[in-house]
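Each remark here refers to the structure printed beneath this line.
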Amino acid sequence: MEPGRPSGGSTGIGDSERARRARAGTGSRLWYLLLLAPFVGLLWVPFYADAHPRLFGFPFFYWYQFAWVPATALLTWFVLRRVR
Amino acid sequence: MIATSVNGVALAVFVVLFAFVTVMGFVAARWRRGDLGVLNEWGLGGRRFGSVVTWFLLGGDVYTAYTFIAVPALVFAIGAQGFFALPYTIIVYPVVFILMPRLWAVASKHGYVTPADFVKGRYGSSTLGLTTALTGLLATMPYIALQLIGIRVVIAAMGIKGDWPLISAFVILAAYTYQSGLRAPALISIVKDTLIYVTILVAVIYIPIKLGGYGKIFDAAGNALPHKTGPTGKPGALIPGNDAAYGAYATLALGSALALFMYPHVITGVLSAKGRNVIRRNATILPAYTFLLGLIALLGYMAIAAGIKPSSPNSVVPDLFVKYFPSWFEGFAFAAIAIGALVPAAIMSIAAANLFTRNVYREYIRPQASDAEESQVAKLASLVVKGGALAFILALPTKYAIDLQLLGGVWVLQTLPAIVGGLLTRWLHRWALLAGWAAGMATGTLMAVDLDFKSSVYQLNIFGTSITAYEAIFAFVLNVVVSVALTLLFDLLRVRRGADETAASEYEERGDEPTAQPPAEQAPALARG
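For the record, the sequence lines run as chains A and B. So the mapping is simple: my numbering equals the position in the first sequence, first residue as 1, plus 508. So the mapping is simple: my numbering equals the position in the second sequence, first residue as 1, plus 16.
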């Protein structure tokens with residue numbers, strides 16, 4: 509949340525704001541599709557059910573899933589920025 | 017490896033920390049003071065919590081003490097399959113990000129306190145509201161009982177015998193929840209999460225150093241797991257190795273993720289936020305707890321590498337701590353777990369009390385109840401719920417609570433079509449949803465009974481192929497199919513739909529943090545562009 513920015517009130521956004529957002533590519537609901545990535549990445553288990561390569565002693569199966577934690581958080585944060 | 021005598025130092029640290037949060041629980045009534053004679057204030061903290069408090073509150077609500085005890089115990093017993101808790105608590109947040117701001121918006125507009133309030137308002141059906149409420153109550157009660165197991169395990173690990181410490185801890189909890197409502201667990205969750213973070217970070221750095229590093233820990237687990245047998249008699253594994261294991265792992269993660277935010281106590285946490293952006297921001301910062309949970313799960317492998325022989329299935333973590341931590345830190349860690357049980361137990365009992373008061377008492381027993389009476393009934397209901405959970409744990413074997421909690425996850429997922437369907441569309445028919453719910457509840461329960469509660473993974477042989485998946489997912493799929501098919505049929509037969517009291521625009525209301533940005537609110541034109 510940027511502190512200096514108006515929240516736009518509770519009644520939605522004006523026409524000029526809408527046009528500005530369209531140019532910047534923000535506000536589009538298509539950005540939500542990015543959030544499908546962790547579902548594909550984590551629910552297709554055979555893709556990562558492997559011991560190798562290891563990282564810091566962790567088998568691939570484990571560090572791959574750990575890596576999705578910050579990845580999903582960043583993706584969600586990015587979408588939050590784009591759809592506001 | 018439970019200590020046979022009472023550990024004085026550990027107990028002293030434990031008691032001091034416990035006393036500290038007890039004081040906090042009572043003081044919480046004055047925090048962000050509101051009229052506690054109104055359900056919105058007692059049961060939702062006045063819907064005023066900002067991003068930070070919501071983060072602690074939901075963290076304390078979702079990642080419970082039982083999780084910290086049970087997940088490593090499962091990983092210890094069967095290996096990789098128990099690790100599904102990690103993908104589960106990752107994919108849940110995109111779902112939260114999309115759905116929960118909508119629920120918050122419409123709930124704050126109409127004063128909904130429970131998910132059943134929303135269902136009733138959306139479909140104009142108090143029957144559907146009642147089934148949603150009862151399902152939520154059924155799923156939450158055993159969950160409260162499980163938190164007691166968390167407390168009992170650590171008290172036993174400190175060498176204290178008898179039920180009186182558990183009873184006194186719960187009486188104290190009941191007293192400050194009665195007085196302060198949701199403010200008590202919200203304030204305590206800040207202490208709880210700090211203690212948990214410190215404990216786990218120390219554990220996942222210190223214990224691996226003692227054991228020769230993570231590589232050695234995984235090697236030891238990889239060697240030991242094939243010789244272990246889980247509850248179903250199958251051997252454990254470090255990496256899932258066949259289609260059945262893949263299917264079970266993925267559906268357990270998906271089913272649990274979908275069910276989590278249908279639990280009344282989690283929705284209570286969501287609705288107590290002060291704006292929808294608080295929830296969206298939390299969807300990006302709550303994964304910090306998921307990372308912690310992943311590390312906690314690995315305590316199971318550390319226990320294997322350390323050669324722990326747990327005295328009971330749930331004592332893997334306490335036994336590991338007793339073996340490696342000095343007494344004072346042992347007391348610290350056990351206090352973290354016990355306080356980690358109090359926070360969710362308080363929120364769960366509040367959520368159950370809200371459900372009873374709003375969707376049973378006011379709906380069916382005394383529709384003319386005043387706000388003050390409603391709040392008073394909820395306070396009393398929270399006491400009854402906690403007393404019931406305590407009696408359940410003291411009188412019956414632990415196994416029943418665990419079995420019921422497993423079933424609770426299956427049941428609560430069956431409220432998803434009505435809740436989430438309602439958040440996204442008004443297309444589904446109220447009676448179709450009711451039939452779908454009944455079909456899902458029956459199927460899920462029968463599957464669990466058929467498996468004798470030994471596992472929640474069911475193997476279904478259909479159309480010549482065998483599908484292995486979490487039983488909740490089978491029940492859920494049937495639920496959705498029935499709901500959709502009957503909606504088509506009922507519309508064809510022109511069966512009357514209920515009146516929807518919500519409007520499409522109300523799901524998009526921002527209602528965000530008016531107090532957080534006063535200058536911008538006063539002069540919106542200046543800063544724009």
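For glycine and all other residues, C-beta sits at the position ideal for the given N, C-alpha and C. All values reported here derive from a predicted model rather than from experimental measurement.
Cβ of residue i within 8 angstroms of any chain B Cβ
i                        : result
valine 548 (chain A)     : no
tryptophan 539 (chain A) : no
alanine 575 (chain A)    : no
methionine 509 (chain A) : For methionine 509 (chain A), the predicted structure reports a pLDDT of 36, less than 50, and the residue's modelled location is therefore unreliable. A value from the coordinates is still provided. Cβ-Cβ to chain B under 8 angstroms: yes for methionine 509 (chain A).
Neighbourhood of residue i by C-beta distance below 6 angstroms, restricted to the same chain and skipping five residues each side
i                        : result
methionine 116 (chain B) : Val286 and Ile295
proline 103 (chain B)    : Ala269
glycine 437 (chain B)    : Leu444
glycine 98 (chain B)     : Leu90 and Val91
glycine 316 (chain B)    : Pro88, Val91 and Phe92
arginine 562 (chain A)   : none
tryptophan 344 (chain B) : Val25 and Val29
leucine 162 (chain B)    : Tyr82, Ala417 and Gln421
8 angstroms contact criterion, which residue i and residue j should meet: CB distance rounded
i                        : j                           : result
glycine 166 (chain B)    : tyrosine 82 (chain B)       : 5 angstroms
alanine 155 (chain B)    : tryptophan 427 (chain B)    : 5 angstroms
isoleucine 204 (chain B) : leucine 550 (chain A)       : The pair is not a contact, with the Cβ atoms about 32 angstroms apart (cut-off 8 angstroms).
leucine 314 (chain B)    : valine 220 (chain B)        : 7 angstroms
alanine 405 (chain B)    : isoleucine 160 (chain B)    : 4 angstroms
glycine 62 (chain B)     : leucine 371 (chain B)       : About 19 angstroms separates the two Cβ atoms, so there is no contact after all.
alanine 132 (chain B)    : asparagine 375 (chain B)    : 4 angstroms
glutamate 517 (chain B)  : glycine 140 (chain B)       : 7 angstroms
threonine 459 (chain B)  : phenylalanine 490 (chain B) : 6 angstroms
alanine 515 (chain B)    : valine 338 (chain B)        : At roughly 60 angstroms, the Cβ-Cβ gap does not stay under 8 angstroms, so alanine 515 (chain B) and valine 338 (chain B) are not in contact.
isoleucine 212 (chain B) : alanine 319 (chain B)       : With a Cβ gap of about 18 angstroms, isoleucine 212 (chain B) and alanine 319 (chain B) do not count as contacting.
leucine 588 (chain A)    : threonine 300 (chain B)     : 6 angstroms
Cutoff 8 angstroms: residue i Cβ touching any chain A Cβ
i                           : result
arginine 46 (chain B)       : no
proline 534 (chain B)       : With a pLDDT of only 38 at proline 534 (chain B), under 50, the local geometry of the prediction cannot be trusted, and no value is derived from it.
isoleucine 212 (chain B)    : no
isoleucine 225 (chain B)    : no
threonine 83 (chain B)      : no
proline 251 (chain B)       : no
tyrosine 230 (chain B)      : yes
proline 256 (chain B)       : yes
threonine 484 (chain B)     : no
alanine 300 (chain B)       : In the sequence on display, residue 300 (chain B) carries threonine and not alanine. Closer than 8 angstroms: yes.
glycine 310 (chain B)       : yes
alanine 266 (chain B)       : yes
tyrosine 79 (chain B)       : no
alanine 586 (chain B)       : With chain B represented from 17 up to 545, any question about residue 586 (chain B) goes unanswered, as that position is not in the structure.
phenylalanine 492 (chain B) : no
proline 383 (chain B)       : no
proline 88 (chain B)        : no
arginine 442 (chain B)      : no
alanine 307 (chain B)       : Looking at the sequence shown, residue 307 (chain B) is not alanine but phenylalanine. For phenylalanine 307 (chain B), the answer is yes, since a Cβ of chain A falls inside 8 angstroms of its Cβ.
phenylalanine 234 (chain B) : yes
tyrosine 262 (chain B)      : yes
arginine 296 (chain B)      : yes
alanine 19 (chain B)        : Only weak support is given to the placement of alanine 19 (chain B): the predicted model assigns it a pLDDT of 45, under 50, and the value that follows is read from those uncertain coordinates. Output row for alanine 19 (chain B): interface = no.
In DSSP terms, what residue i is bridged to
i                           : result
alanine 485 (chain B)       : B:Tyr474
alanine 253 (chain B)       : B:Gly95
phenylalanine 546 (chain B) : Given that chain B is displayed from residue 17 to residue 545, the structure contains no residue 546 (chain B) and the question cannot be resolved.
leucine 563 (chain A)       : A:Phe566
threonine 245 (chain B)     : B:Pro251
Beta-carbon proximity list for residue i, same chain, < 7 angstroms, skipping 5 on both sides
i                     : result
leucine 420 (chain B) : Pro158
leucine 302 (chain B) : Trp71, Leu74, Gly75 and Tyr109
alanine 96 (chain B)  : Ala253, Leu254, Ile255 and Pro256
Neighbour list for residue i in chain C, Cβ cutoff strictly below 7 angstroms
i                     : result
proline 242 (chain B) : This model lacks chain C altogether, as its protein chains are A and B.
Same chain only: Cβ atoms within 8 angstroms of residue i, ignoring 5 sequence neighbours per side
i                           : result
isoleucine 176 (chain B)    : Val22 and Leu27
phenylalanine 569 (chain A) : Tyr556, Ala557, Asp558 and Ala559
leucine 46 (chain B)        : Going by the sequence as given, residue 46 (chain B) is arginine instead of leucine. Here the set comprises nothing.
glutamate 529 (chain B)     : For glutamate 529 (chain B), the predicted model reports a pLDDT of 49, less than 50, meaning its position is unreliable; a value from the coordinates is still stated below. Contacts found: Gly66, Lys290, Gly291, Asn293 and Val294.
alanine 44 (chain B)        : Tyr192, Ser196, Arg199, Ala200, Ala202, Leu203 and Ile204
Residues from the segment 557 to 570 of chain A in contact with chain B, defined by Cβ distance under 8 angstroms: Cβ contacts with chain B come from Ala557, Asp558, Ala559, Arg562, Phe564, Gly565, Phe566, Pro567, Phe569 and Tyr570.
Residues of the segment 90 to 119 of chain B whose Cβ lies closer than 7 angstroms to any Cβ of chain A, in chain order: Residues of the segment 90 to 119 of chain B with a Cβ closer than 7 angstroms to any Cβ of chain A, in chain order: Ala96, Leu102, Pro103, Ile106, Ile107, Tyr109, Pro110, Phe113 and Ile114.
Positions along the segment 35 to 66 of chain B whose CB lies within less than 9 angstroms of some CB in chain A: Within the segment 35 to 66 of chain B, no residue has a Cβ that lies closer than 9 angstroms to any Cβ of chain A.
Interface residues of the segment 117 to 144 of chain B facing chain A [CB-CB below 9 angstroms]: Along the segment 117 to 144 of chain B, none of the residues has a CB nearer than 9 angstroms to a CB of chain A.
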